[in-house]
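Protein chains: 2
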Amino acid sequence: MLEHITEAQLKRMTLKELIALCEEAREVITRTVLKTGGHLSSNLGMVELTVALHYVFDFPKDKLVFDVGHQCYTHKLLTGRFNEFDTIRQKNGISGFPKREESEYDCYNTGHAGTSVSAVLGIAKARDIKGENFNAIAVIGDGSFNNGLIYEAFNSLRLLNTNVLLILNDNGMSIAPTVGSMHEYLEILSEDMAQKSKKDRHAKIFERFGFAYDGVYDGNDLEAMINKLTEVKERLKNESVILHILTKKGKGYAFCEDDPEATHGISIANASQIKAEYSEVLGKTLTRLAEKDERIVAVTAAMTSSLGLGEFFEKYPERSVDVGICEEHATILCASMATEGLKPYYAVYSTFLQRSFDEIIIDICGQNLPVTLCIDRAGISGADGETHQGVFDLSFLSLIPNLTIAVPKDVNEFERMLEFSSSFNAPLAIRYPREGKRVFKEQSEIVLGKWEKLLSGDGKYAVIACGERALTQVFASAEELRAHGINITVINARFVKPIDGQMLDGLREQHIITVEDNMLLGGLGSLINCHMTGKGKTLKNFAYKDAFIPQGSPAELMEELGVSKKEITQYILKNENR
Amino acid sequence: MLEHITEAQLKRMTLKELIALCEEAREVITRTVLKTGGHLSSNLGMVELTVALHYVFDFPKDKLVFDVGHQCYTHKLLTGRFNEFDTIRQKNGISGFPKREESEYDCYNTGHAGTSVSAVLGIAKARDIKGENFNAIAVIGDGSFNNGLIYEAFNSLRLLNTNVLLILNDNGMSIAPTVGSMHEYLEILSEDMAQKSKKDRHAKIFERFGFAYDGVYDGNDLEAMINKLTEVKERLKNESVILHILTKKGKGYAFCEDDPEATHGISIANASQIKAEYSEVLGKTLTRLAEKDERIVAVTAAMTSSLGLGEFFEKYPERSVDVGICEEHATILCASMATEGLKPYYAVYSTFLQRSFDEIIIDICGQNLPVTLCIDRAGISGADGETHQGVFDLSFLSLIPNLTIAVPKDVNEFERMLEFSSSFNAPLAIRYPREGKRVFKEQSEIVLGKWEKLLSGDGKYAVIACGERALTQVFASAEELRAHGINITVINARFVKPIDGQMLDGLREQHIITVEDNMLLGGLGSLINCHMTGKGKTLKNFAYKDAFIPQGSPAELMEELGVSKKEITQYILKNENR
């Protein structure tokens, strides 16, 4: 039924047919995600609501924005992407997030939390300015509801004087269970279903901002959703509405319903290849260090276990803070706790650290405070695509004064960098990818700003690289080149900032090549270029060019983007034959 | 009385003496600020509250965080900085903002809005972890209360399980009158003073997050403030309190009370030197362009008139949006309006654009939308110091794919860049300083990515610079060098991204020198260094080194930091005599 469905056909279906359609969607999503990886439980919870939305509203004339966007699978299946659905999140396949480039039914690209209310307000405001007539709808989970952007958007609703529909899809979870007072408040609203007067009083918080509040309803009851949306659609002519619904994350599949956190995102990484995850090392090492150092506190923004900090949080609850999806607030908490002599570690995915840019500058580095940023999923992050790549962090961090940036070559070095951090009394960023596949033989002492020579060559080529992925490519290239009688020097640039000027200056006679899992501009290569300015050096940088990087596995993308052993080898061989 | 006052002395004063102290503080602040420039009306409104805080609490043991921090002048006068007070905001003088480096009474540096609640929560949490006992207090204006950070902090109060005091200093203004539903809500609370039952109902919004709400009181009534704070101090042992007070911005001086917006910040720039402000050109040009182009909308975050957009907002209210201090939300509004075919201009100070970093990446550039960022106060911004310098923007923008960056050499070129922008269909950033002093003779057509040769030299030195300030230094240096028989080529790098590779490659035989009013890393020089990598070119970059830049005038700071005609001339002369 789903394969060739159109909006028009869907609108002619009976309830029974629509229910069957839901079951088919649920089955396709489960089958596909278990194969390709992706977001499972959140999408299973959204099936009925999505079908009801398509039944009641007129897309693409009406506009639908998904907050974060990971819950849009049913929407994709209903809008002409059934046949490509098994390519989801794979290289050259369809995206796991809404994508304007992919379909006119995807009106706004999302990826980071909390943007949907602002986006739908902008869309509605533009509609009003243009004198057009359509409905603007955002679907947002209760996890995103913690983000400060929501408040900024709410605060401007009356000011913008426009009408939108917000569907608050409440499943009590983001990736992890939702925390915070807003969440408790939503729980109160949900519990109050039978006590109308009490609920009305509670709903005042939304009405204060100009929304009519309507809730709480069962978002997995298709018929109820269709009726409710039909009713709300009429009200949108005159007012903005928050429709509060409850859905069951993982709905329909017992293993998802039972463990929605573990099935929020399904990974298809080949576990046998992975020796030790960086997140595991973070958790173990920080837990160990915290035993002796009472100043250590750990702060996260809604992804404690994916960051490896589950054990730390269990062992030291009084020194652990998960603030929900509030990256800016988390950053300032770290800075302010550091002003009182504590030693905060803020663990975060690279892509989400972008939210804290101003606070890293002003609060952490401007006050030169000993906060350690543990930046996970740095470099190419893979299947989530453009909005989740961690390829900007070296660039936006290296421009900040007072910040030291370290990049471990493997999990062992990461452990020693964390030990180093515990006595380091200034802002420090440590960035690392998800997977730790290789352990290098050399393990010399970590000294601030000092690099490490991993291979001594014959003095013609010095390849400087940072991080496990880049160094792995360099080592593979070194081996290939050895077969051609060329022995390159390989240097582990543990510290991207400060760079090891002394070692660099000692390489004056060599042809310097840089390799990194980051954009060129502002990264390791760029820093070395600036250091070498005016010295007439021959340099070659392997890094990502100035373009957004689509989804794909780190290995295939690095290959495609030319940060690979193949390119390094070819470059050196070509240079030899010049 | 104020000159040598200590905390102990202040606590022994009679009410009458304290009132006299307030008058003295008010007099000193007014006299000083009218001479040195600075924040006037907000500080006048804060005198009684600050004296009451110092009377009731025990600083520096207790901790006091000022949101934004511009209202801390009385606090500085009371804490040993009376004798340096006339150096405020001047080079090597005391800061106009709280500064840990300056006094143990300044516990947390601020500058950007909305950080104080997070900071005071972090300080209180650290206190609890360490088992210490002191009070943690934040003073925040109603303008900052619009920022999303407030919500993130509120949302985590119960989670952090700690007690703080927030003093909501409500004067109905940030720099401009406060907007938004939260502001309307605060107004309702204020009007309800006589109707206790109604007020209690309204106060629920704060209690929902775990604060006890206490308000509204007259913050300019010293005795009332002392009594109220004494009472609240007791309550802090058991709960967190929001104390809502009303103060009169500009209190005590009729010309401030009458026009608090104009006297929020007093500037001492010598008006006769300034030919035309960039902000004025922005306003006029955009208003003119909007006449013919109905797609044009203007968005600001609480500083419409300082950005020059007063006229635009008056003439096109339906195409104007000021969202209050919500930089992230403003950015997404622009992106989403652009998805609907509008042409949004987001005008903002460089330093505050840092808050939108993630949204510029994901929402604007990730979707490749035609939003124009009009970045005012770029480069060294002067007397506000470290937290307000606009020296990072070229660096954090140049790393973002899909973004074009333009830097006008003077106000005329700025006008033509805005004309260029109106038919440019992709993300564009235009950055400029506050003052437009000089108008260059050459005014060639703006072509994407093309630079302009302003002086043709004798082929030995090519100086590439962007922006009026840098080019002004270069022209002055060119003149000096002419006296030595050296004729340099001067190039206006109008586009920092994309750079003019063709022109650059045509300069291969010349010694290239770059000059800019920005950090080196990621800026114009850095981009040119990367372009030239491997080409064995001799390059020299004049830009700011990797350090925070303290307060001072742009001219004196550029001189001190070596981005000056003097340094350029000396470098070239030295090179000649080598």
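As given, the protein sequences belong to chains A and B, one line each in that order.
At position 458 of the first sequence the residue is numbered 458 (the numbering used here), and the sequence of numbers has no breaks.
At position 418 of the second sequence the residue is numbered 1418 (the numbering used here), and the sequence of numbers has no breaks.
Where a beta carbon is used, it is the ideal one built from N, C-alpha and C, also for glycine.
Keep in mind the model is a prediction, meaning the values are calculated, not measured.
Checklist entry - So which residues on chain A does L1318 of chain B lean against when the C-beta distance must stay under 9 Å? => result According to the sequence displayed, residue 1318 of chain B carries Glu and not Leu. The contacting residues are D128, I129.
Checklist entry - Would a C-beta distance cut-off of 7 Å place L1040 of chain B and E328 of chain A closer than the cut-off? => result no
Next on the checklist: List, from N- to C-terminal side, the beta strand (DSSP E) runs of 3 residues or more that fit wholly inside the stretch 1523-1560 of chain B.
Outcome noted: 1539-1544
Next on the checklist: Restricting to Cα atoms, I'd like to know which of A:A555, A:A254, A:I572 is closest to T514 of chain A.
Outcome noted: A:I572
Next on the checklist: Residues of the stretch 361-380 of chain A in Cβ contact with chain B at a cutoff of 7 Å, in chain order, please.
Outcome noted: I361, I362, D363, G366, Q367
Checklist entry - Which bits of chain A does C1466 of chain B rub up against, with CB to CB less than 9 Å? => result Simply none; closest approach about 16 Å.
Checklist entry - How long is the line joining the alpha carbons of K602 of chain A and M558 of chain A, rounded to whole angstroms? => result Shown here, chain A extends from 1 to 578; a query on residue 602 of chain A therefore has no answer.
Checklist entry - Which same chain residues, not among the five before or five after R1319 of chain B, have their C-beta less than 6 Å away from its C-beta? => result V1297
Next on the checklist: Taking a contact to mean a Cβ-Cβ separation below 7 Å, would you say A138 of chain A touches V65 of chain A in this structure?
Outcome noted: yes
Checklist entry - Would you report the Cα separation of N579 of chain A and I245 of chain A, rounded to the nearest angstrom? => result Shown here, chain A extends from 1 to 578; a query on residue 579 of chain A therefore has no answer.
Item to check | Rounded C-alpha distance that separates T1538 of chain B from M1519 of chain B | outcome: 20 Å
Checklist entry - Could one say the Cβ of Q1354 of chain B lies closer than 7 Å to chain A's Cβ atoms, at least one of them? => result yes
Next on the checklist: I want to verify the contact list: residues of chain B whose CB lies under 8 Å from the CB of H75 of chain A, in sequence order.
Outcome noted: None at all; the shortest Cβ gap to chain B is about 17 Å.
Checklist entry - The alpha helix (DSSP H) with N43 of chain A in it runs from where to where? => result 41-45
Checklist entry - Closest to D458 of chain A by CA distance: which of A:F209, A:V321, A:I549, A:I486 is it? => result A:I486
Next on the checklist: Give me the subset of the stretch 145-159 of chain A whose CB atoms are less than 8 Å from a CB atom of chain B, sorted by chain position.
Outcome noted: N146, N147, G148, L149, I150, Y151, E152, A153, F154, N155, S156, L157, R158, L159
Item to check | Any chain A beta carbon closer than 7 Å to L1342 of chain B | outcome: yes
Checklist entry - Roughly how many angstroms separate the alpha carbons of G562 of chain A and I568 of chain A, rounded to a whole number? => result 8 Å
Checklist entry - Which two residues bound the contiguous beta strand (DSSP E) that contains M1519 of chain B? => result 1511-1519
Item to check | In DSSP terms, what T404 of chain A is bridged to | outcome: A:L428
Checklist entry - Taking the alpha carbon of N491 of chain A as the point to measure from, which residue in A:N161, A:F542, A:L471 has its own alpha carbon closest? => result The question names Asn, but residue 491 of chain A in the sequence shown is Ile. The option with the nearest alpha carbon to I491 of chain A is A:L471.
Checklist entry - Are the stretch 409-427 of chain A and the stretch 385-398 of chain A touching, with three or more C-beta to C-beta distances below 8 Å? => result no
Next on the checklist: Does the stretch 108-127 of chain A come into contact with the stretch 60-79 of chain A, if we say contact requires no fewer than three beta-carbon pairs (one atom in each stretch) closer than 8 Å?
Outcome noted: yes
Item to check | Rounded straight-line distance, which links the Cα of K1035 of chain B to that of W451 of chain A | outcome: 52 Å
Item to check | Proximal residues to L1418 of chain B (C-beta, below 6 Å), its chain only, five neighbours per side dropped | outcome: T1285
Next on the checklist: For G1581 of chain B, tell me which candidate among B:T1263, B:F1082, B:V1164, B:E1239 has the shortest Cα-Cα distance.
Outcome noted: Look at the range of chain B in this structure, 1001 to 1578, and you will see that residue 1581 of chain B is not part of it.
Item to check | Nearest neighbour of L455 of chain A, chosen from A:L481, A:R431, A:I446 [CA to CA] | outcome: A:L481
Next on the checklist: Once DSSP output is grouped into helix, strand and coil, what is the label at I29 of chain A?
Outcome noted: helix
Checklist entry - Okay, do the stretch 372-387 of chain A and the stretch 348-363 of chain A touch, 3+ Cβ pairs below 8 Å being the bar? => result yes
Checklist entry - So R1158 of chain B packs on G1210 of chain B, CB below 8 Å; how close in whole Å? => result 4 Å
Checklist entry - With a cut-off of 7 Å, does the C-beta of D1546 of chain B fall near any C-beta of chain A? => result yes
Item to check | Any chain B beta carbon closer than 7 Å to T263 of chain A | outcome: no
Checklist entry - Quick one: does D606 of chain A have its CB under 7 Å from some CB of chain B? => result Outside the displayed span of chain A (1 to 578) sits residue 606 of chain A, for which this structure offers no information.
Checklist entry - Of all the CB atoms in chain B, is at least one closer than 7 Å to the CB of C579 of chain A? => result Residue 579 of chain A lies beyond the stretch modelled for chain A, which goes from 1 to 578, so this question has no answer here.
Checklist entry - L539 of chain A touches chain B at which residues, Cβ-Cβ below 7 Å? => result T1533, G1534
Next on the checklist: On the CB-based measure, 16 or more other CB atoms within 10 Å of its CB, does A347 of chain A come out buried or exposed?
Outcome noted: buried
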